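S.K.: Numbering (the working numbering), first residue to last: 1 to 158.
Let me give you the structure first, and then I'll get to my questions.
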């Protein structure tokens with residue numbers, strides 16, 4: 001018949017959730033990041049850098065009052081301008097913003113400093129949210145002490 005068995009309804013609904021969510025969002029205004037890129041691979045203490053966010057309105061309607069926010073989640077990174085606003089973003093249009101930041105002089109090496117990237121419509125509806133991480137320089141020390149035996153190694157025969 002047309003209808004699935006009762007035991008298949010919830011698994012089918014779960015499989016289609018993301019597809020149906022995307023279709024519902026795309027029917028309206030759907031601003032989503034296209035890319036996120038730092039101007040460098042890693043940063044040192046007391047160094048400034050920037051993060052470029054390219055975003056696009058994938059929806060069919062004009063997006064109103066678009067806010068792109070970057071909020072530091074650590075006191076070891078500062079972002080002077082944390083919010084950029086666009087009054088409108090037309091359907092299928094791309095735009096970008098650049099967030100400047102500074103790594104604290106007390107940031108430890110080999111650390112990722114978290115910040116929350118958020119896109120909102122009409123100042124209230126959050127349509128995208130994700131943590132981004134500012135990488136702080138570090139070094140990796142590989143101590144291969146084979147001359148002292150292999151007691152510290154995991155070995156398998158096979």
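A virtual CB, placed ideally from N, CA and C, is assigned to each residue, including glycine.
These numbers come from a predicted model, not from an experiment.
#1: Using the C-alpha atoms, what's the distance from residue 137 back to residue 126?
#2: Is the separation between the beta-carbon of residue 89 and that of residue 57 shorter than 9 Å?
#3: Quick one: give me the first and last residue of the beta strand (DSSP E) that residue 33 is part of.
#4: By Cβ distance, which residues of its chain are closer than 8 Å to residue 128, with the 5 residues on each side in sequence left out?
#5: For residue 2, does the count of other Cβ atoms within 10 angstroms reach 16, so buried, or fall short, so exposed?
#6: Return the first residue and the last residue of the beta strand (DSSP E) that residue 56 is part of.
#7: Would DSSP call residue 65 helix, strand or coil?
#8: Please report the residue range of the beta strand (DSSP E) in which residue 102 lies.
#9: How long is the line joining the alpha carbons of residue 221 and residue 60, rounded to whole angstroms?
#10: Out of 20, 114, 115, 94, which has the shortest C-alpha to C-alpha gap to residue 62?
#11: I need the straight-line Cα distance from residue 69 to residue 134, nearest angstrom please.
#12: With C-beta atoms as the reference, is residue 67 less than 9 Å away from residue 83?
#13: Indicate the three-state DSSP secondary structure (helix, strand or coil) for residue 72 in the structure shown.
#14: From what residue to what residue does the alpha helix (DSSP H) around residue 23 run?
#15: Let me know the secondary structure DSSP gives residue 41 once reduced to three states.
#16: Tell me the rounded alpha-carbon separation between residue 41 and residue 54.
M.R.: According to the structure shown:
#1: Using only the alpha carbons, I get a separation of about 32 Å.
#2: Yes, the Cβ-Cβ distance between residue 89 and residue 57 is below 9 Å.
#3: Segment 31-38, the beta strand (DSSP E) holding residue 33.
#4: So the list reads 31, 32, 33, 117, 118, 119, once near-sequence residues are dropped.
#5: Exposed, because fewer than 16 other Cβ atoms sit within 10 Å of the Cβ of residue 2.
#6: That run of the beta strand (DSSP E) goes 48-57.
#7: Residue 65 sits in a strand when the DSSP states are folded into three classes.
#8: Its beta strand (DSSP E) spans residues 94-103.
#9: Because the chain in this structure spans residues 1 to 158, residue 221 falls outside the shown range and cannot be described.
#10: Checking every option, the nearest Cα to that of residue 62 belongs to 94.
#11: Approximately 15 Å, taken between the alpha carbons.
#12: Residue 67 places its beta carbon less than 9 Å from that of residue 83.
#13: For residue 72, the secondary structure class from DSSP, reduced to helix, strand or coil, is strand.
#14: If you look at residue 23, you'll find it in the alpha helix (DSSP H) that goes 6-26.
#15: The answer is coil: DSSP assigns residue 41 none of H, G, I, E or B.
#16: Cα to Cα, the separation comes out at about 18 Å.
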